[in-house]
Ligand code: NAD
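The following block contains the structure:
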């Protein structure tokens, strides 16, 4: 498979391949669009079965970041990086440094951060080689771990979905089934619990489930049963592609709203949810809290927690607009969000071209 002929290729501006024989680095950076600003998005380290799989992933993830940043109203384009390898076995400080040098070769067109298989500590090592990195814990504008603000955004997004679908402003007594109680899911559970919601949780790690059961009086169920619980809201906070032909018919909740990236296995599953009367909060809209927080760091601003939360809370209004437009047009919510994001990117692209010609 080539890049230009790949199914996931969407006129990405740059796709760069980085190799470092000494450290074994094999990495791909995809810049989908810089129309709105430098392309920002995390780096994922994963033991891809082959290059084609890595190319497909990085292309899809980069486009997702363009849409996410556009919908969050950020002056950031979309990009992503992948490193081929098992983070538990192959990740070394030398490899991270080689990756940092690779990021630097793009001269700021792409700004990296943490994603699956990467930690804040890894990004600190990357920062030794390039300034084009966010989500750090040290430095004047360091924004730290993005997951608390991602969870905050998902929480306000669930409130928006409940407002729209159930006509309520509070979560008191509602039941939320949370799939995955990791960095984001656990923090989300805490906020939901404090808001009076009842919780059902599942995770592949029993210790996390036990802790959530103890701390939030959550009911624990198996990973195979979590999506089909008799809950008001299902919040996927684990991996992607979980909304598919098998799971959608079993969903009893009126709302699906969670942090996981790429929740729809295929685009048509957005329509399948709509047909069943299930309100779906497009993943890249509801889970933008982390990148909204990183954007402050990129802008060279150090907000208070309250200021950061306030900007993240714009997710509430953005989602309501998407839900209302989707209802009015009889279309699935993800399709409406995609169209709005694409229009914003296209308008910014036009502006850039005009400015370029005028200069
Ligand atoms: P994490 O790895 O800390 O947590 C994910 C949890 O899901 C883990 O505890 C894992 O054991 C569990 N899990 C995996 N498969 C499962 C299954 N089949 N059933 C139930 N649980 C399962 O990751 P995270 O940082 O909390 O991110 C969660 C999701 O949100 C990911 O899809 C991520 O891409 C997305 N996301 C995260 C952020 C962020 O700020 N961390 C931002 C945007 C999007």
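Numbering (my numbering), first residue to last: 891 to 1249. Glycine included, every Cβ here is placed at the ideal spot set by N, Cα and C. Values in this document were obtained by computation on a predicted structure and should not be read as measured data.
Roughly how many angstroms lie between the CA atoms of residue i and residue j, to the nearest whole one?
i, j, result
"residue 1035", "residue 1183", "9 angstroms"
"residue 1110", "residue 1102", "8 angstroms"
"residue 1056", "residue 1214", "14 angstroms"
"residue 833", "residue 1068", "In the structure as shown, the chain starts at 891 and stops at 1249, and residue 833 therefore has no counterpart that could be examined."
"residue 902", "residue 894", "9 angstroms"
"residue 1193", "residue 1186", "7 angstroms"
"residue 1081", "residue 1039", "12 angstroms"
"residue 929", "residue 970", "8 angstroms"
"residue 1157", "residue 1013", "33 angstroms"
"residue 918", "residue 1230", "28 angstroms"
"residue 1224", "residue 954", "12 angstroms"
"residue 1137", "residue 1249", "53 angstroms"
"residue 1236", "residue 1226", "15 angstroms"
"residue 1121", "residue 1163", "16 angstroms"
"residue 1166", "residue 1020", "48 angstroms"
"residue 1135", "residue 1168", "14 angstroms"
"residue 972", "residue 1128", "19 angstroms"
"residue 1074", "residue 1219", "32 angstroms"
"residue 1243", "residue 959", "20 angstroms"
"residue 1177", "residue 1202", "10 angstroms"
"residue 1033", "residue 1141", "36 angstroms"
"residue 1015", "residue 978", "16 angstroms"
"residue 1077", "residue 1084", "11 angstroms"
"residue 1216", "residue 983", "47 angstroms"
"residue 1212", "residue 1090", "27 angstroms"
With 16 as the cutoff for other CB atoms within 10 Å, does residue i come out buried or exposed?
i, result
"residue 1207", "exposed"
"residue 1004", "buried"
"residue 956", "buried"
"residue 1043", "buried"
"residue 1106", "buried"
"residue 965", "exposed"
"residue 909", "exposed"
"residue 1113", "exposed"
"residue 1002", "buried"
"residue 1093", "buried"
"residue 1095", "exposed"
"residue 961", "buried"
"residue 932", "buried"
"residue 1088", "buried"
For residue i, does the three-state DSSP call read helix, strand or coil?
i, result
"residue 970", "strand"
"residue 965", "coil"
"residue 1181", "helix"
"residue 1009", "coil"
"residue 1094", "coil"
"residue 1073", "helix"
"residue 996", "coil"
"residue 1126", "strand"
"residue 895", "coil"
"residue 922", "strand"
"residue 1170", "strand"
"residue 1111", "coil"
"residue 1059", "coil"
"residue 900", "coil"
"residue 1221", "coil"
"residue 1186", "helix"
"residue 981", "coil"
"residue 949", "helix"
"residue 1215", "helix"
"residue 1141", "coil"
"residue 988", "helix"
"residue 1015", "helix"
"residue 956", "helix"
"residue 1048", "helix"
Are the beta-carbon atoms belonging to residue i and residue j less than 9 angstroms from one another?
i, j, result
"residue 1051", "residue 1147", "yes"
"residue 1204", "residue 963", "yes"
"residue 1180", "residue 1030", "no"
"residue 1117", "residue 1170", "no"
"residue 1153", "residue 1065", "no"
"residue 1123", "residue 1149", "no"
"residue 906", "residue 949", "no"
"residue 913", "residue 988", "yes"
"residue 896", "residue 934", "no"
"residue 1175", "residue 1070", "no"
"residue 981", "residue 1007", "yes"
"residue 975", "residue 936", "yes"
"residue 1086", "residue 1062", "yes"
"residue 915", "residue 1026", "no"
"residue 1024", "residue 1188", "yes"
"residue 1053", "residue 951", "no"
Below 8 angstroms, is the gap between the Cβ of residue i and the nearest heavy atom of the ligand COA?
i, result
"residue 1237", "Judged by which ligands are present, the ligand COA is missing from the structure shown, whose ligands are the ligand NAD."
Does the beta carbon of residue i sit closer than 9 angstroms to a beta carbon anywhere in chain B?
i, result
"residue 1219", "Protein chain content of the structure displayed is limited to a single chain, and chain B is not contained in it."
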